[in-house]
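Visitor:
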Amino acid sequence: MCSFLANHKVQNVEETTISQAFLRNASDLTTLCTTSIIPVDLNAFILKMELDTSYLANVSLDKITAERFAKASKSRQTAINAVLRNEEMDQWLDYWIDANSLARYGP
17 MCSFLANHKV QNVEETTISQ AFLRNASDLT TLCTTSIIPV DLNAFILKME
67 LDTSYLANVS LDKITAERFA KASKSRQTAI NAVLRNEEMD QWLDYWIDAN
117 SLARYGP
């Protein structure tokens, strides 16, 4: 079960890494846990992984995998810009989910 504190550690970004904030066990990605936040840093990390996987699959001539990850990365980039981008602040922010509404968190 995700803890409340695990989701709120990202408020001190300088002191927190993705693994500390969202992984109960930093060496096991299956322990990833976010319940009340859509984290911009984690989504950027996953986007980079999707782009790298697409590139490497393309280089190794695995066109199906390359296309699948290219499509996933385009969808994620669109979602990041649609949901996490704050035009007024000219930056991307974590998206905090409230029981009744969506609220942006920023410095």
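For the sequence shown, the tail end lands on 123 under my numbering, and the numbers increase by one without skipping. Every residue, glycine too, gets a C-beta built ideally from N, C-alpha and C.
With distances taken from CA atoms, which of GLU103, ARG92, VAL99 and ASN97 is nearest ILE62?
Guide: ARG92
Visitor: Quick one: residues in its chain with C-beta nearer than 6 Å to the C-beta of TRP108, no 5 flanking neighbours on either side, listed in chain order?
Guide: VAL56, LEU100 and ARG101
Visitor: Beta-carbon within less than 6 Å of ALA73's beta-carbon, same chain only, minus the 5 sequence neighbours each way: which residues are those?
Guide: Closer than 6 Å at Cβ, skipping near neighbours: THR81 and ALA82.
Visitor: Output the boundary residues of the beta strand (DSSP E) element that contains ILE113.
Guide: 111–113
Visitor: Just how far apart, CA to CA, sit THR69 and ASP110?
Guide: 25 Å
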